[in-house]
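Protein chains in written order, with our numbering: chain F, -16 to 230; chain P, 13 to 25.
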């Protein structure tokens, strides 16, 4: 499905249909958590969610038309942001709690058992609180999540990228997702003069999600290096790819 | 990222 052929409304409908299922941890360890059991739970859940995330990305109109190289680069860059924004959306109605999954709901203070994670929990809770204040709507969330993916890395977008066709397609895709978000805001009934403010407020969230993701990535890397938690398969690849890119 | 490429390249749901 080419994004240019879709109206903003159709684009949003496709995003709704692309949504991944809610994942369960299954076999949650008994509370109270230890550092190892909490990290194991979080990484196990993340690994499951990653598989669904890739399926979700492939359903975003036009994503699979990008070069495979660009698809990989975008997903490698944004995977933790996508997990985090999903977490924030699930937690939006539950102040003080992080709804990692229906069977993994954590209070802020439960983060005390893992060195360095409380800072990240606080960032996640603060950003979730901001989403709540903004009364973020489901369709706005879907557009923002897609935008995080498509905007994840500048290299596929830049002039002189390795695949100019893919670069052009990505630019069209970014325009399409912007049109979709603008359409969603316009349909909300907000007065015209407030619509651009709302757009700006929503877009300003994205840098905070990126910041939380960067901190989370550093933390996960340190946990792995200290052997607090084994990281394997897809999650290991995504972690390595993200940290290697920084170098 | 072999697994990522594999998942992207497959057409299976």
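Quick reminder that beta carbons are idealized off the backbone N, C-alpha and C, glycines included.
Is residue i buried or exposed, if buried means 16 or more other CB atoms sit within 10 Å of its CB?
i: residue 122/F; result: buried
i: residue 102/F; result: exposed
i: residue 22/P; result: exposed
i: residue 131/F; result: buried
i: residue 7/F; result: exposed
i: residue 220/F; result: buried
i: residue 53/F; result: buried
i: residue 254/F; result: With chain F running from -16 to 230 in the structure shown, residue 254/F is simply not present.
i: residue 215/F; result: exposed
i: residue 10/F; result: exposed
i: residue 99/F; result: exposed
i: residue 141/F; result: exposed
i: residue 17/F; result: exposed
i: residue 187/F; result: exposed
i: residue -9/F; result: buried
i: residue 190/F; result: exposed
Which chain P residues sit within Cβ distance under 8 Å of residue i?
i: residue 216/F; result: 15
i: residue 37/F; result: 16, 19 and 20
i: residue 34/F; result: 19
i: residue 55/F; result: 13, 16, 17 and 20
i: residue 187/F; result: Result: empty, since nearest Cβ-Cβ is about 30 Å, beyond 8 Å.
i: residue 1/F; result: Going along chain P, no residue has its Cβ under 8 Å from residue 1/F, so there is no contact; the nearest lies around 12 Å.
i: residue 41/F; result: 20
Output the distance between the C-alpha atoms of residue i and residue j, rounded to the nearest integer angstrom.
i: residue 27/F; j: residue 138/F; result: 30 Å
i: residue -1/F; j: residue 164/F; result: 13 Å
i: residue 177/F; j: residue 205/F; result: 43 Å
i: residue 167/F; j: residue 160/F; result: 10 Å
i: residue 22/F; j: residue 94/F; result: 10 Å
i: residue 92/F; j: residue 42/F; result: 37 Å
i: residue 158/F; j: residue 82/F; result: 32 Å
i: residue 117/F; j: residue 106/F; result: 17 Å
i: residue 2/F; j: residue 39/F; result: 6 Å
i: residue 33/F; j: residue 69/F; result: 12 Å
i: residue 175/F; j: residue 169/F; result: 7 Å
i: residue 19/F; j: residue 212/F; result: 6 Å
i: residue 230/F; j: residue 171/F; result: Caution is warranted here: a pLDDT of 42 is assigned to residue 230/F, below 50, making its placement in the model unreliable, and no coordinate value can be reported.
i: residue 88/F; j: residue 80/F; result: 7 Å
i: residue 133/F; j: residue 104/F; result: 26 Å
i: residue 162/F; j: residue 155/F; result: 10 Å
i: residue -5/F; j: residue 15/F; result: 41 Å
i: residue 224/F; j: residue 200/F; result: 11 Å
i: residue 208/F; j: residue 173/F; result: 49 Å
i: residue 61/F; j: residue 135/F; result: 5 Å
i: residue 182/F; j: residue 126/F; result: 11 Å
Run through chain P and tell me which residues come within less than 9 Å of residue i, C-beta to C-beta.
i: residue 51/F; result: 17, 20 and 21
i: residue 220/F; result: 13, 14, 15 and 16
If you follow the beta strand (DSSP E) that residue i is part of, which residue opens it and which one closes it?
i: residue 46/F; result: Per DSSP, residue 46/F belongs to no beta strand (DSSP E) and is neither H nor E.
Determine the extent of the alpha helix (DSSP H) in which residue i is found, giving its start and end residues.
i: residue 109/F; result: 100 to 117
i: residue -6/F; result: -9 to 1
i: residue 95/F; result: Segment: none, residue 95/F is in no alpha helix (DSSP H) and carries neither H nor E.
i: residue 17/P; result: 14 to 21
i: residue 130/F; result: 121 to 133
Run through chain P and tell me which residues come within less than 7 Å of residue i, C-beta to C-beta.
i: residue 58/F; result: 16
i: residue 224/F; result: 13
Any heavy atom of the ligand GTP closer than 7 Å to the CB of residue i?
i: residue 128/F; result: The ligand GTP is not part of the structure shown, which contains no ligands of any sort.
Residue ranges of each alpha helix (DSSP H) run of no fewer than 4 residues wholly in the region 148 to 216 of chain F, ordered along the chain?
175 to 208
Mind pulling the alpha helix (DSSP H) runs of 4 or more residues that sit fully within the region 32 to 86 of chain F?
51 to 74
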